[in-house]
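Residue numbers for the sequence shown follow full-length UniProt numbering, so the first one is 1 and each next one is one higher.
Beta carbons are placed, not taken as given, at the ideal position from N, Cα and C, and that holds for glycine.
From a predicted model like this one, the values you see are computed outputs, not experimental measurements.
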Amino acid sequence: MLASPPANAPFAIRHHKPEALREALRKMVLIRQFEEGAEDCYVRGLIHGTMHLSIGQEASAVGLCMALTDDDKITSTHRGHGHCIAKGAEVGRMYAEFFGKETGYCGGRGGSMHIADVAKGNLGANGIVAGGIPIAVGAALSAKRLNPGSVVMSFFGDGAVNEGAFHEALNMASVWKLPVIFACENNHYGMSTSTERSSAQPRVAERAAAYAMPGITVDGNDFSAVTEAGHAAVERARAGEGPSLIESVTYRWRGHSKSDRNRYRSKEEIDSWVARDPISRFATLLGEHGIADADAVAAIERGATREITEAIEFAKTSPGPDPAALARDVYAPDSAPDDSAGVPA
Numbered sequence: 001m002l003a004s005p006p007a008n009a010p011f012a013i014r015h016h017k018p019e020a021l022r023e024a025l026r027k028m029v030l031i032r033q034f035e036e037g038a039e040d041c042y043v044r045g046l047i048h049g050t051m052h053l054s055i056g057q058e059a060s061a062v063g064l065c066m067a068l069t070d071d072d073k074i075t076s077t078h079r080g081h082g083h084c085i086a087k088g089a090e091v092g093r094m095y096a097e098f099f100g101k102e103t104g105y106c107g108g109r110g111g112s113m114h115i116a117d118v119a120k121g122n123l124g125a126n127g128i129v130a131g132g133i134p135i136a137v138g139a140a141l142s143a144k145r146l147n148p149g150s151v152v153m154s155f156f157g158d159g160a161v162n163e164g165a166f167h168e169a170l171n172m173a174s175v176w177k178l179p180v181i182f183a184c185e186n187n188h189y190g191m192s193t194s195t196e197r198s199s200a201q202p203r204v205a206e207r208a209a210a211y212a213m214p215g216i217t218v219d220g221n222d223f224s225a226v227t228e229a230g231h232a233a234v235e236r237a238r239a240g241e242g243p244s245l246i247e248s249v250t251y252r253w254r255g256h257s258k259s260d261r262n263r264y265r266s267k268e269e270i271d272s273w274v275a276r277d278p279i280s281r282f283a284t285l286l287g288e289h290g291i292a293d294a295d296a297v298a299a300i301e302r303g304a305t306r307e308i309t310e311a312i313e314f315a316k317t318s319p320g321p322d323p324a325a326l327a328r329d330v331y332a333p334d335s336a337p338d339d340s341a342g343v344p345a
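Below is the structure:
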């Protein structure tokens with residue numbers, strides 16, 4: 001490894017220590033293998049409901065979370081597995097949640113779209129499009145008043161920016177100068193509808209001007225570009241200067257969900273984005289700067305494979321939920337009807 005990075009090295013190389021960059025690569029590889037494992041389990045009937053995968057978007061989740069500390073919070077989306085892992089979630093408990101097991105993050109009640117890990121600062125994924133954005137604004141107001149210096153990052157997709165909640169939340173955050181970063185992962189499609197067909201202004205970052213906040217568009221498959229934008233926005237928020245909007249332009253390799261037959265995209269389009277694989281690009285960057293050679297990358301991949309294998313086995317062998325706890329978390333304490341057995345006092 002070079003004693004010090006050259007002045008013209010990408011931001012990530014200059015700003016982060018080698019061990020932090022190797023850990024970032026490990027998380028990206030882990031997310032990829034986690035999603036592939038989830039897809040396989042879904043196909044085999046081990047996971048019920050639906051499944052939204054973020055394969056191809058790993059640099060966005062990990063790169064943006066690199067700027068956050070344990071005190072910072074995030075809100076996520078229906079396509080939020082990568083955000084959970086980037087913020088430090090245990091993959092075994094995530095799979096257990098998918099499998100409907102008691103050892104899952106929500107006791108098997110939330111499933112793929114509603115994982116929350118409050119202890120690690122993940123306030124929860126949200127199955128409602130744009131649903132997490134106003135929640136993040138409320139959390140940012142709390143942070144400003146009760147925990148100055150901490151920030152909140154709200155992840156959402158391009159499909160959320162035409163929802164009223166998006167505009168209301170950005171306006172309120174700017175008026176009150178709240179420490180919140182709005183992180184749009186623009187993967188070009190809201191289900192099967194492209195941004196060009198759904199939005200008069202398809203460039204999401206341009207909307208920031210209407211709310212008097214900075215807006216920046218970055219290559220969401222370039223880890224260094226993503227983390228540079230994330231650090232700038234987080235530093236601004238910590239300094240009390242208010243919110244920012246980051247548009248991370250990326251692409252989901254899979255369909256919207258496992259029921260999506262992908263007929264609205266050509267193979268050529270998908271292949272062109274697969275060729276821009278964020279993991280391969282980041283691994284190449286680390287190799288060029290002597291931070292992780294081919295052997296180190298292979299070791300990271302093997303380690304991720306072991307971790308995923310063990311996580312799936314943990315989920316398979318974990319106990320199912322206790323039927324006596326069926327009504328737990330349905331009613332507030334002392335407000336349940338008399339015939340609701342199993343409600344804690």
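Beta-bridge partners of residue i, as assigned by DSSP
| i | result |
| --- | --- |
| D219 | V249 |
| C65 | In the DSSP output, where bridge partners are listed per residue, C65 has none listed. |
| V180 | V152 |
| T193 | G190 |
| N122 | I74 and D117 |
| R19 | Contrary to the premise, residue 19 reads as Glu rather than Arg in this sequence. Beta-bridge pairing links E19 to no other residue. |
| S198 | BP columns for S198 are empty, so no partner. |
| I157 | Before going further, note that residue 157 is Gly rather than Ile in the sequence given. DSSP output for G157 lists E185 as bridge partner(s). |
| S244 | I181 |
Chain-order list of residues whose beta-carbon lies under 6 Å from that of residue i (same chain, five-residue window excluded)
| i | result |
| --- | --- |
| D334 | none |
| G149 | R238 |
| R79 | H52 and S54 |
| A345 | Only weak support is given to the placement of A345: the predicted model assigns it a pLDDT of 43, under 50, and the value that follows is read from those uncertain coordinates. Closer than 6 Å at Cβ, skipping near neighbours: no residue. |
Exposure of residue i, with buried meaning 16 or more beta-carbon neighbours within 10 Å
| i | result |
| --- | --- |
| S4 | exposed |
| H16 | buried |
| S280 | exposed |
| P6 | exposed |
| S259 | exposed |
| S174 | buried |
| M213 | buried |
| E58 | buried |
| L326 | exposed |
| D329 | exposed |
| H83 | buried |
| R252 | buried |
| E147 | In the sequence under discussion, the amino acid at residue 147 is Asn, which differs from the Glu named in the question. That one is exposed. |
| I13 | buried |
| K267 | exposed |
| S272 | exposed |
| P323 | exposed |
| H48 | exposed |
| Y331 | exposed |
| A283 | buried |
| G190 | buried |
| A200 | exposed |
CB of residue i within 9 Å of CB of residue j, strictly
| i | j | result |
| --- | --- | --- |
| S248 | A233 | no |
| F182 | S154 | yes |
| T217 | S60 | no |
| I74 | A136 | yes |
| T193 | G159 | yes |
| G157 | V129 | yes |
| I270 | C41 | no |
| A315 | Y95 | yes |
| G220 | N186 | yes |
| G124 | V118 | yes |
| T50 | G132 | no |
| L46 | I308 | no |
| C184 | A210 | no |
| M28 | P202 | no |
| A24 | M66 | yes |
| residue 391 | D222 | Any answer about residue 391 is impossible in this case: the structure gives the chain only from 1 up to 345. |
| R26 | L286 | no |
| A143 | L178 | yes |
| I121 | G88 | Here residue 121 turns out to be Gly, not Ile, going by the sequence shown. Cβ atoms of G121 and G88: closer than 9 Å. |
7 Å Cβ shell around residue i - same chain, five flanking residues per side excluded
| i | result |
| --- | --- |
| R254 | L53 and I55 |
| T305 | Q33 |
| C106 | E97, H114, I115 and A116 |
| S257 | T50, M51 and H52 |
| N262 | G255 |
| F166 | A130, I133 and A160 |
| G240 | K177 |
| A20 | none |
8 Å CB neighbourhood of residue i in its chain, flanking five on each side removed
| i | result |
| --- | --- |
| F11 | S224, A225, T227, E228 and H231 |
| P319 | K101, E102 and T103 |
| T69 | S150 |
| E310 | G92 |
| S108 | The sequence given here has Gly at residue 108, not Ser. Taken in chain order, the residues that qualify are A96, E97, F99, G100, K101, E102, G320 and P321. |
| I300 | R22, L25, R26, V29 and A292 |
Proximity test, residue i beta-carbon vs the ligand NAP heavy atom, cut-off 8 Å
| i | result |
| --- | --- |
| A125 | Questions concerning the ligand NAP fall outside what the structure shown contains, since it holds no ligand whatsoever. |
Min CB distance residue i to chain D below 9 Å
| i | result |
| --- | --- |
| G242 | Included in the structure is just one protein chain, with no chain D present. |
> Does the pairing of the segment 194–214 with the segment 22–40 give three or more beta-carbon distances under 8 Å?
Replying inline: no
> On the three-pair Cβ rule with 8 Å, is the segment 137–151 touching the segment 87–104?
Replying inline: no
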